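J.:
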Amino acid sequence: MADNKREVRVRFAPSPTGDLHVGNIRTALFDWAYARHTGGKLIFRIEDTDRERVTDEYIARAIETLRWLGLDWDEGPEVGGPYGPYLQSQRLEIYTEWAQTFLRNGDAYNCYCSTEELEARREKQRELNQAPGYDGKCRDLSAAEIADFQAQGRLPVIRMRMPDGETRFTDLIRGEVAFEHKYVPDFVLMRADGSPLYTLAVAVDDVLMKVTHVLRGEDLLSSTPRQIRVYQAMQLDPADYPVFAHLPFVMGQDNAKLSKRNGEVSIAWYREQGFLPEAICNYLALLGWSPGDDRENISMQELVELFTVERVNSSPARFDMKKLEAINGDKIRALTIDDFLARALPFLLKDDVISGSDTEIAVVKSALPIIQERIARMNEVTAMLKFLFVEQLSFEPESEAKLGEEPSQHVVQRALDALRDLQNWNHAEIEAKLRAVLLDEMGLKPRLAFGPVRIAVTGSHISPPLFESMELLGKERSLARLQAAVR
Ligand code: GLU
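Numbered per numbering that gives the first Met the number 0, the sequence shown spans residues 0 to 486.
#1: Can you grab the Cα-Cα spacing for the pair residue 66 / residue 26, in whole Å?
#2: Sort 285, 9, 335 and 369 by Cα distance to residue 38 and report the nearest one.
#3: Taking the alpha carbon of residue 427 as the point to measure from, which residue in 464, 392, 237 and 18 has its own alpha carbon closest?
#4: Enumerate in chain order the residues of its own chain whose CB-to-CB distance from residue 336 is below 7 Å, with the five nearest sequence positions on each side excluded.
#5: Let's see if you can read the secondary structure: which residues bound the alpha helix (DSSP H) around residue 198?
#6: Between the Cα of residue 138 and those of 158, 119, 268 and 123, spot the shortest distance and give me the residue it belongs to.
#7: I'd like to check one pair, residue 30 with residue 41: are the Cβ atoms closer than 9 Å?
#8: Measuring only from the beta carbon, is residue 197 closer than 8 Å to any heavy atom that is part of the ligand GLU?
#9: So residue 456 packs on residue 421, CB below 8 Å; how close in whole Å?
#10: In angstroms, rounded to a whole number, what distance separates the CA positions of residue 319 and residue 215?
#11: Going by other Cβ atoms of all chains shown within 10 Å of its Cβ, with 16 needed for buried, is residue 78 buried or exposed?
#12: I need the DSSP call for residue 42, collapsed to helix, strand or coil.
#13: Hey, how far is the Cα of residue 169 from the Cα of residue 312?
#14: Specify the secondary structure class of residue 20 as computed by DSSP and reduced to three states.
#15: The ligand GLU and residue 218: does any heavy atom of the ligand fall closer than 8 Å to the residue's C-beta?
#16: Which residues in the same chain have their Cβ closer than 8 Å to the Cβ of residue 104, if we skip the five residues on either side of it in sequence?
#17: I need the DSSP call for residue 375, collapsed to helix, strand or coil.
#18: How should residue 398 be labelled, buried or exposed, when 16 other C-beta atoms within 10 angstroms of its C-beta is the threshold for buried?
#19: Does the distance between the C-beta of residue 488 and the nearest non-hydrogen atom of the ligand GLU fall short of 8 Å?
#20: State the DSSP-derived secondary structure class of residue 132, mapped to helix, strand or coil.
#21: Leaving out five residues on either side along the sequence, give the residues of the same chain with a beta carbon under 6 Å from the beta carbon of residue 424.
#22: DSSP has residue 112 in a bridge; who is on the other side?
#23: Would you identify the three-state DSSP class for residue 288, choosing helix, strand or coil?
#24: Output needed for residue 22: all residues of its chain with C-beta closer than 7 Å, excluding positions within five of it in sequence on either side, in chain order.
#25: So residue 147 is in the alpha helix (DSSP H); what residue range does that whole segment cover?
#26: For a quick check, are the C-beta atoms of residue 87 and residue 195 less than 9 Å apart?
#27: Considering only C-alpha positions, which residue in the set 342, 462 and 284 is nearest to residue 322?
#28: Give me the Cα-Cα distance between residue 326 and residue 378, rounded to the nearest whole angstrom.
#29: Under the rule that 16 or more other beta-carbon atoms within 10 Å means buried, what is residue 182, buried or exposed?
#30: Is any non-hydrogen atom of the ligand GLU found closer than 8 Å to the C-beta of residue 222, if you look at the structure I gave you?
#31: Within 9 Å of any Cβ in chain B, is that where the Cβ of residue 405 sits?
#32: Spell out a yes or no on whether the region 446-461 and the region 375-390 are touching, meaning 3 or more CB-CB pairs, one atom from each, closer than 8 Å.
#33: Considering only the alpha carbon of each residue, which of 59, 144, 348 and 197 lies closest to residue 90?
#34: Check this for me: beta carbons of residue 208 and residue 82, under 9 Å apart or not?
#35: Applying the criterion that 16 or more other CB atoms from any shown protein chain within 10 Å of the CB defines a buried residue, is residue 115 buried or exposed?
#36: Can you tell me whether residue 215 sits near the ligand GLU, meaning its C-beta is under 8 Å from at least one heavy atom of the ligand?
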């Protein structure tokens, strides 16, 4: 196994068959943190041998997503490196050559079994309650048998010969792991059309790219003995085998594996919803790993300083949207106003709240401090600030109905009368005036008093603090809205 003298080389190797999701990103983050913690290298490799499912667009989006999250890599797409290319689709000849070498050395063999024959035999195995998998039929074909298959026009797949025995390795998270080979049947390396399978490509690349540590999802654990078999066939010195660390699953709150239903949607979705990259990284960093305390906040720098694989929890982690949201709110509150502004503007522009003029931006900037405490997702800025930019308020039906009822009408009329002569239009004066009239004189509870005013002025029962909102909106527009609300 890897000794301390080797430079640490970690890889992140997704197959972008869609947008990267929570599980992918947690793996990427741990790979990154481990590489940075050890002062090693992070290699980013795209596993795109299945070009029907992995598209250029998904690849471009994967790269963009990692960049957005603040992750960087030392070798891979955009940066190059000494062991490229880093797209598997550009390395097909390498896999073919190795498969041919394995054939020549007797580590692999041509298998002529058809899909139907394999299926029929698998059915038999099921009936007899035998372990499923290839039965070794083509392992030792005679020259005559081969000639016969060839005469039938059959094209062979290349299959790896799995010797008797077992594979053992030490997983940095799971400890000692053993796989008996009777459960690891001979496996396909190359399809009949000459395309490589994942197990071949991943193992060959990890060797050629001198990867020392494979941190990846637990779903790939069972593939490990096959990959180790490929290393053997490549005659890699066992001292140079990568060390494995299989990260436990991320579960949804209902204890099922993450899926669309319970949160595992693409990172692109989180971005659209207004989750900040630093919140996503913070949350995912502590999902199944901790530096040994129960902190909920961690910066990327602290993650790099403190990350060790040994502290990854070996039991599944549970994804908790509420917690992520709380962290996102914390990160929003930690932003400087200029940073908050820079991150809010894209949402306001996309939702057509503003067109981007300097005047509008100045208004947004003055309004941000009053909502910074109140939102958990950046996309909430739209609903919060829209009232400042519309000519005509559009009311939610429920709010509009409430506004038409008593005592709302009465309240709005009294507020209007009281504020008309207010000299200094600032939130403190507005508040003092409205409290005096609506609470003290009318004897209303705050909710009944301020609710209708809020709806009249902002169009909704959810808004930034009322008096500050009215100050921002200005006297003229505030009074006009109160007036318009009186039937
Ligand atoms: N490309 C594989 C996947 O996305 C992961 C490869 C690996 O980490 O070994 O599932």
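Backbone N, C-alpha and C fix where the C-beta goes; we use that ideal spot for every residue, glycine too. As the structure is a prediction and not an experimental result, all values here were calculated from the model.
T.: If we stick to the structure as given:
#1: 15 Å
#2: 9
#3: 464
#4: 364, 367 and 368
#5: 197-207
#6: 158
#7: yes
#8: yes
#9: With 8 Å as the limit, residue 456 and residue 421 do not qualify as a contact, their Cβ atoms being about 14 Å apart.
#10: 21 Å
#11: exposed
#12: strand
#13: 16 Å
#14: strand
#15: yes
#16: 232
#17: coil
#18: buried
#19: A query on residue 488 cannot be resolved here, the shown segment of the chain reaching from 0 to 486 and no further.
#20: coil
#21: 474
#22: Answer is none; residue 112 lacks a bridge partner.
#23: strand
#24: 216, 249, 257 and 263
#25: 142-150
#26: yes
#27: 284
#28: 15 Å
#29: exposed
#30: yes
#31: As a matter of chain content, chain B is missing from the structure shown, which is built from one protein chain.
#32: yes
#33: 197
#34: yes
#35: exposed
#36: yes
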